[in-house]
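Okay, so here's the structure we're looking at.
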Amino acid sequence: MLNVFRPKNKAIYIMSFDDNVDFIKTFAQTVPSKIDLVVLYRPDTEAAATDLAAFGIVTKPFKDGLKFALEAIPLLMAAKLIICDNYYAFLGGLIHRRGTKIVQIWHADGAIKKFGWQDPTTQSRSQSDKRRFQSVYDHFDEYIVASKAMGNVFVTSYHEDFTKIRLLGYPRSDQYLDTNWQQVARQRIFRAAPELKNKRVILYAPTYRPQQSFKLPSGLSDALAADPNAIVVVKLHPVLRDRETAVREIGNPRIKFYHELTTSDLLTVADTLVTDYSSVAFDFSLLPNAKSMIFFMFDLEQYQQNPGIQDDYLDWLPSKPLSTVRELRQAIIEAQPMDFGEFNEHWNTFNDGKATKRVVARYAQFLKSH
């Protein structure tokens, strides 16, 4: 309440994922001079924030607590535009004044897993929790998506109206369609890992799971390395790196771990992606080097209970999900080039390499005209 009447002269990007740095830089160049752009970032995206700061963008770390209330809330209440890449509970407590637009840009191009009201565990939460969740969802004025499919996910997950959906494309997808970016990314990979050049590369990149619920199945290493002519790159979430031990113990020299290399860059040299419920599948399918995709869902029954996966996933997955290491081994040996046309039409409909341009134009114009 103390900050309600602050002049609206800020544009705020709230960052908990480091995937949209290029979009933020492009946006910064179009923001009107009367508007100050500030990036509030979670501590685990500090590297991205440092990059943005070097570009001349004001960045401020934030985490829940008294300091947030005293420093970040005044900034947010002075915002004409707030762009979010995730669910942020504190939004539910903001007074959303007319003239301020709050936009959800999200952190994934599509969704295999469920979230929001679709998450089965939400139904067991208290009524006060449910009201709080919906209060946050209702604060969003617009959702930037790349397909009607993702728009419908937000409609059902957040109980929102499709009139809030903006079919502009997903800005981060532009890099996967940019031949220059692809070439530079491959060069970065081959400088750091020359052994991957001229080899079939199999990238294993499962989604994040809470540590207590993630255990790699026995025999996984042998299955991943079933093709003697391929090199396997294992890329687990940083929080789950201690689970690499189960793969490392085999001591197979064709199984590699490159912690210093990003998943985005590794996608540009991969022939086969092995994943499960991760949104990395929507990125990989855009690349010209993408030959095959294997969905290894060894814990499907458990994952359907928490957090759940989209009910119609079998209708649009480009290949049948596998549940055993035996099936995985066979799929790796017999992998054939796949056609991702229908999959991309469903999820990447408006990803044409110009999404950043459209999104930036829309919100730069909003800042100029209000």
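Per the working numbering, residue 62 is the first one in the sequence shown, and the count goes up by one each step. Cβ atoms here follow ideal geometry from the backbone N, Cα and C, with glycine treated the same way.
Runs of beta strand (DSSP E) wholly within the segment 341 to 413 (minimum 3 residues, chain order): Here the runs fully enclosed are 353 to 356.
query: Starting from residue 98 and walking both ways along the beta strand (DSSP E), at which residues does that stretch end?
result: Working through the sequence shown from its first residue, we reach residue 98 at position 37. Annotation for residue 98: the continuous beta strand (DSSP E) segment containing it runs 97 to 102.
- request: Answer with buried or exposed for residue 130, where buried requires no fewer than 16 other C-beta atoms within 10 angstroms of its C-beta.
  value: As a first step, residue 130 must be located in the sequence shown, where it is residue number 69. Classification for residue 130: exposed.
- prompt: Are the segment 282 to 292 and the segment 340 to 350 in contact at 8 Å, needing three or more beta carbon pairs?
  reply: no
- prompt: Is it right to say residue 141 is buried, meaning 16 or more other beta carbons lie within 10 angstroms of its own, or is it exposed?
  reply: On the sequence shown, residue 141 is found 80 positions in, with the first residue counted as 1. When all chains shown are included, residue 141 counts as buried.
- request: Quick one: residues in its chain with C-beta nearer than 7 Å to the C-beta of residue 176, no 5 flanking neighbours on either side, listed in chain order?
  value: Here the question's residue 176 lines up with position 115 in the sequence shown. Closer than 7 Å at Cβ, skipping near neighbours: 218 and 368.
task: Kindly indicate which residue of 210, 278 and 258 has the alpha-carbon position closest to the one of residue 267.
output: Taking the sequence shown and counting its residues from 1, one reaches residue 267 at position 206. Distances from the alpha-carbon of residue 267 to those of 210, 278 and 258 put 278 closest.
message: Please state the DSSP three-state secondary structure of residue 142.
response: Locating residue 142 in the sequence shown gives position 81, where the first residue counts as 1. Residue 142 falls in the strand class under three-state DSSP.
field: Rounded separation between residue 260 and residue 316 - CA only
entry: Locating residue 260 in the sequence shown gives position 199, counting from the first residue. Locating residue 316 in the sequence shown gives position 255, counting from the first residue. So the alpha carbons of these two residues sit roughly 13 Å apart.
query: On the premise that residue 413 lies in contact with residue 230, defined as a C-beta separation below 8 Å, what is that separation, rounded to the nearest angstrom?
result: Here residue 230 corresponds to residue number 169 of the sequence shown, with the count starting at 1. Here residue 413 corresponds to residue number 352 of the sequence shown, with the count starting at 1. Right, the Cβ-Cβ distance comes to about 7 Å (below 8 Å), so this counts as a contact.
query: CB-CB under 6 Å to residue 193, same chain, minus the five flanking residues each way: which ones, in chain order?
result: For this step, residue 193 is matched to residue 132 along the sequence shown. Correct list, in chain order: 153.
field: Own chain partners of residue 201 with C-beta closer than 6 Å, once the 5 adjacent residues on each side are dropped
entry: Taking the first residue of the sequence shown as position 1, residue 201 is located at position 140. Counting only Cβ-Cβ distances below 6 Å, and skipping sequence neighbours, we find 163 and 165.
message: Buried or exposed, going by whether 16 or more other CB atoms sit within 10 Å of the CB of residue 81?
response: Translated into positions along the sequence shown, residue 81 becomes position 20. Buried is the call here.
- request: Would you mind sorting residue 223 into buried or exposed? The rule is 16 or more other CB atoms within 10 Å of its CB.
  value: Stepping through the sequence shown from its first residue, residue 223 is reached at position 162. Exposed, because fewer than 16 other Cβ atoms sit within 10 Å of the Cβ of residue 223.
message: Quick test of the definition: if touching needs 3 or more C-beta pairs under 8 Å, does the segment 314 to 331 touch the segment 387 to 404?
response: no
field: The alpha helix (DSSP H) enclosing residue 107, as first and last residue numbers
entry: Walking along the sequence shown from the start, residue 107 turns up at place 46. Taken as a continuous stretch (DSSP letters only), the alpha helix (DSSP H) holding residue 107 covers 107 to 115.
query: Do you know how far the Cα of residue 335 is from the Cα of residue 425?
result: Taking the sequence shown and counting its residues from 1, the one referred to as residue 425 is at position 364. Taking the sequence shown and counting its residues from 1, the one referred to as residue 335 is at position 274. Each residue's alpha carbon lies about 39 Å from the other.
message: My output table needs one value for residue 203: the three-state DSSP class, helix, strand or coil.
response: If you number the sequence shown from 1, residue 203 lands on position 142. Of the three classes helix, strand and coil, the one that applies to residue 203 here is strand, per DSSP.
query: What alpha helix (DSSP H) runs, 4 residues minimum, are completely inside the segment 181 to 229?
result: List check, alpha helix (DSSP H) in window: 188 to 199 and 209 to 219.
task: Give a yes or no on contact between the segment 107 to 123 and the segment 395 to 406, applying the rule of three or more CB pairs nearer than 8 Å.
output: no
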